[in-house]
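The structure appears right after this line, and notes come after that.
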Amino acid sequence: MRACSLKQKAWSPYLAGIIIGLLQVPAFLLISTALGASSSYVTVGGYIASLFDPSIVEIDYVAKHVAATGKNWWQVALVAGVAIGAFISMKLSGAKRKAVSPIWSRALGTSSRPVRYAVAFGAGFLMLFGARVADGCTSGHGLSGMAQMAVSSTIAVAFMFVGGIATAFLVLRRI
Amino acid sequence: MSVFPAVLIGLAMGIVFGFAFEKARVFEPGMIVGQMQFRNFTMLKVFLTAVATGAVVLAVLHGFGLIKLSPKPTFYAADVLGGLALGAGITLAGACPGTILAQIGAGYRDALFTLLGGLAGAVAFSYADPMLTPLLFTGGPGKITFMDLTGVSYTVLAIGLAVVLAVVLVLLERWRPWRADLGADVDGDFGAADTTTAANVTRLKAAE
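Top to bottom, those sequences are chains A and B.
Start counting the first sequence at 1; every next residue gets the next number (the numbering used here).
Start counting the second sequence at 1; every next residue gets the next number (the numbering used here).
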């Protein structure tokens, strides 16, 4: 089988990394921005929240993110596209996933679905709250900021790994 | 750019992004938790390769004067505290904000809860932003880069970074070939081996 057939379940991480890095070209040339993902959560979350609490758009931060600009909604489309791309790739290779990864029963010490779902919700909350405090995530700070030699991104990514590693050893069990 | 063409471009780029996440298996919780526990290096390989590639293409585009760099401003406390919370969340989710969507696309149901939690976290931050601004997002040295700190040009630093990362990746691959980190179901799960053995033992006992 060829090294990177579309039906293959796994490609070399280096090939995938090069493809992801090359996505900076259309991001910078067409949208005048860098790859990022976490702002889109403010755009979508802020939009949904505004249906229940219209006054949320009076917060400058929300107004800036839900505004009908190409950059805001480009990133929402980008993360929606990620789900579509992963779905297509999974269908082509047949690497269907179970509802919950088998590692969680060991990492969490329980195979309870509700426990995993609750941890996932809390993890998502912490992740995006942290990403917004730091002003970027693995994409915006990690991929884009480090490639641009930004000091802020280097600090954020270093502490992202510190937080991630500490949590993996102190909170989770060894997988 | 107006919204409609930007959305089409975003969708097209996202499909490629998601395809790469899925083929690299870097969206797997087993790869993320495994990386943070130093037993799987797939995440680091994809991440560092993407940073190195990005640095090279941005150095070229910047060199030809086609783009303007947009580094984020530095606020030390925010970068440290935000980074810590982001990292803790990534480990407990087994995903980062971008790969949550890849998990949903590939069929992981818990990722829907991660997504909801993420939206709630972003909204909570939005409400807190006016209070956090004077504490965390004030002062600071601004949008500083390593060009400002060293006086070296972006082209030299970016290409230098890419070369260093390439050497690191070659050594990493020599020490730990990427296929060794996949696991039987390409999800970075190696615990199933014990279960299989236990099941076989049970089966053998039943046969006796």
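A virtual CB, placed ideally from N, CA and C, is assigned to each residue, including glycine.
Does residue i get closer than 8 Å to chain A when you measure Cβ to Cβ?
{"i": "Ser153(B)", "result": "no"}
{"i": "Gly87(B)", "result": "yes"}
{"i": "Pro177(B)", "result": "no"}
{"i": "Val51(B)", "result": "yes"}
{"i": "Val186(B)", "result": "yes"}
{"i": "Leu204(B)", "result": "Per-residue confidence for Leu204(B) stands at a pLDDT of 48, beneath the threshold of 50, marking its modelled position as unreliable; the derived number appears in the next sentence. No, no contact with chain A."}
{"i": "Ile159(B)", "result": "no"}
{"i": "Leu169(B)", "result": "yes"}
{"i": "Ala180(B)", "result": "no"}
{"i": "Val164(B)", "result": "no"}
{"i": "Gly139(B)", "result": "no"}
{"i": "Leu84(B)", "result": "yes"}
Could you compute how far the alpha carbon of residue i sits from the alpha carbon of residue j?
{"i": "Val167(B)", "j": "Arg106(A)", "result": "35 Å"}
{"i": "Gly70(A)", "j": "Ile20(A)", "result": "21 Å"}
{"i": "Glu173(B)", "j": "Tyr14(A)", "result": "10 Å"}
{"i": "Gln75(A)", "j": "Phe169(A)", "result": "33 Å"}
{"i": "Leu128(A)", "j": "Thr53(B)", "result": "26 Å"}
{"i": "Tyr117(A)", "j": "Gly107(B)", "result": "14 Å"}
{"i": "Phe113(B)", "j": "Gly89(B)", "result": "13 Å"}
{"i": "Lys98(A)", "j": "Gly36(A)", "result": "28 Å"}
{"i": "Ala128(B)", "j": "Thr138(A)", "result": "22 Å"}
{"i": "Ala111(B)", "j": "Ser40(A)", "result": "16 Å"}
{"i": "Leu116(B)", "j": "Ile88(A)", "result": "23 Å"}
{"i": "Lys9(A)", "j": "Ala86(A)", "result": "11 Å"}
{"i": "Ile48(A)", "j": "Pro97(B)", "result": "18 Å"}
{"i": "Ala27(A)", "j": "Gly81(A)", "result": "14 Å"}
{"i": "Gln148(A)", "j": "Val156(B)", "result": "12 Å"}
{"i": "Leu171(B)", "j": "Val123(B)", "result": "42 Å"}
{"i": "Leu55(B)", "j": "Ala158(B)", "result": "The identity of residue 55(B) in the sequence shown is Ala, whereas the question assumes Leu. If I take the Cα positions, the gap works out to 5 Å."}
{"i": "Ile59(A)", "j": "Thr43(A)", "result": "13 Å"}
{"i": "Thr150(B)", "j": "Thr110(A)", "result": "50 Å"}
{"i": "Val171(A)", "j": "Gly130(A)", "result": "18 Å"}
{"i": "Ile32(B)", "j": "Leu161(B)", "result": "24 Å"}
{"i": "Leu86(B)", "j": "Phe159(A)", "result": "9 Å"}
{"i": "Arg176(A)", "j": "Val100(A)", "result": "Absent from the model: residue 176(A). The displayed extent of chain A is 1 to 175, so no value can be given."}
I'd like to know if residue i contacts chain B, where contact means its C-beta is closer than 8 Å to some C-beta of that chain.
{"i": "Lys64(A)", "result": "no"}
{"i": "Leu29(A)", "result": "yes"}
{"i": "Pro54(A)", "result": "no"}
{"i": "Leu78(A)", "result": "yes"}
{"i": "Lys9(A)", "result": "yes"}
{"i": "Leu22(A)", "result": "yes"}
{"i": "Leu172(A)", "result": "yes"}
{"i": "Leu126(A)", "result": "yes"}
{"i": "Ser12(A)", "result": "yes"}
So the candidates are the options; which of them puts its Cα closest to the Cα of residue i?
{"i": "Gln24(A)", "options": "Phe169(A), Gly164(A), Gly140(A), Lys96(A)", "result": "Gly140(A)"}
{"i": "Lys7(A)", "options": "Leu61(B), Leu136(B), Lys23(B), Gly105(B)", "result": "Lys23(B)"}
{"i": "Ala102(B)", "options": "Val16(B), Ile9(B), Leu8(B)", "result": "Val16(B)"}
{"i": "Val7(B)", "options": "Trp73(A), Ser112(A), Pro102(A), Gly136(A)", "result": "Trp73(A)"}
{"i": "Gly94(B)", "options": "Gly118(B), Val80(B), Gly30(B)", "result": "Gly30(B)"}
{"i": "Thr74(B)", "options": "Ala184(B), Lys143(B), Leu84(B)", "result": "Lys143(B)"}
{"i": "Leu119(B)", "options": "Arg113(A), Ser50(A), Trp11(A), Val162(A)", "result": "Ser50(A)"}
{"i": "Thr133(B)", "options": "Val60(B), Ala77(B), Ser70(B)", "result": "Ala77(B)"}
Tell me which residue opens and which closes the alpha helix (DSSP H) that residue i is part of.
{"i": "Lys64(A)", "result": "60-66"}
{"i": "Pro148(B)", "result": "At residue 148(B) the sequence reads Asp, which differs from the Pro that was named. 146-150 is the span of the alpha helix (DSSP H), which, as asked, contains Asp148(B)."}
{"i": "Asn72(A)", "result": "70-93"}
{"i": "Ser153(A)", "result": "151-170"}
{"i": "Glu173(B)", "result": "154-175"}
Should residue i be counted as a contact of the ligand MN given a C-beta to heavy atom distance under 7 Å?
{"i": "Thr33(A)", "result": "No copy of the ligand MN occurs in the structure displayed, which carries no ligand at all."}
Scan the segment 86-100 of chain A for residues whose Cβ lies nearer than 7 Å to a Cβ of chain B and list them as they occur along the chain.
-> Residues passing the 7 Å Cβ filter: Ala86, Phe87, Ile88, Ser89, Met90, Ala95, Lys96, Arg97, Ala99, Val100.
Members of the segment 5-21 of chain B near chain A, C-beta cut-off 9 Å = Pro5, Ala6, Val7, Leu8, Ile9, Gly10, Leu11, Ala12, Met13, Gly14, Ile15, Val16, Phe17, Gly18, Phe19, Ala20, Phe21
Taking any Cβ of chain B, which residues in the segment 110-124 of chain A have a Cβ under 7 Å from it, in chain order?
-> Arg116, Tyr117, Val119, Ala120, Phe121, Gly122, Ala123, Gly124
May I ask you to list, following chain order, the residues of the segment 31-44 of chain A that have a beta carbon less than 9 Å from some beta carbon of chain B?
-> Ile31, Ser32, Thr33, Ala34, Leu35, Gly36, Ala37, Ser38, Ser39, Ser40, Tyr41, Val42, Thr43, Val44
Check each residue of the segment 95-113 of chain B: if its Cβ is closer than 9 Å to any Cβ of chain A, include it; give the result in chain order.
-> Ala95, Cys96, Pro97, Gly98, Thr99, Ile100, Leu101, Ala102, Gln103, Ile104, Gly105, Ala106, Gly107, Tyr108, Arg109, Asp110, Ala111, Leu112, Phe113
Going along the segment 113-134 of chain B in order, which residues come within less than 9 Å of chain A, judged by CB to CB distance?
-> Phe113, Thr114, Leu115, Leu116, Gly117, Gly118, Leu119, Ala120, Gly121, Ala122, Val123, Ala124, Phe125, Ser126, Tyr127, Ala128, Asp129, Pro130, Leu132, Thr133
What are the residues of the segment 55-71 of chain B that lie near chain A, defined by any Cβ-Cβ distance shorter than 8 Å?
-> For the segment 55-71 of chain B, the beta-carbon criterion of a distance under 8 Å to any beta-carbon of chain A is satisfied by Ala55, Val56, Val57, Leu58, Leu61, Leu66, Ile67, Lys68, Leu69, Ser70, Pro71.
Below 9 Å between beta carbons is the criterion; list the residues of the segment 142-162 of chain A that meet it against any residue of chain B, in chain order.
-> Gly142, Leu143, Ser144, Gly145, Met146, Ala147, Gln148, Met149, Ala150, Val151, Ser152, Ser153, Thr154, Ile155, Ala156, Val157, Ala158, Phe159, Met160, Phe161, Val162
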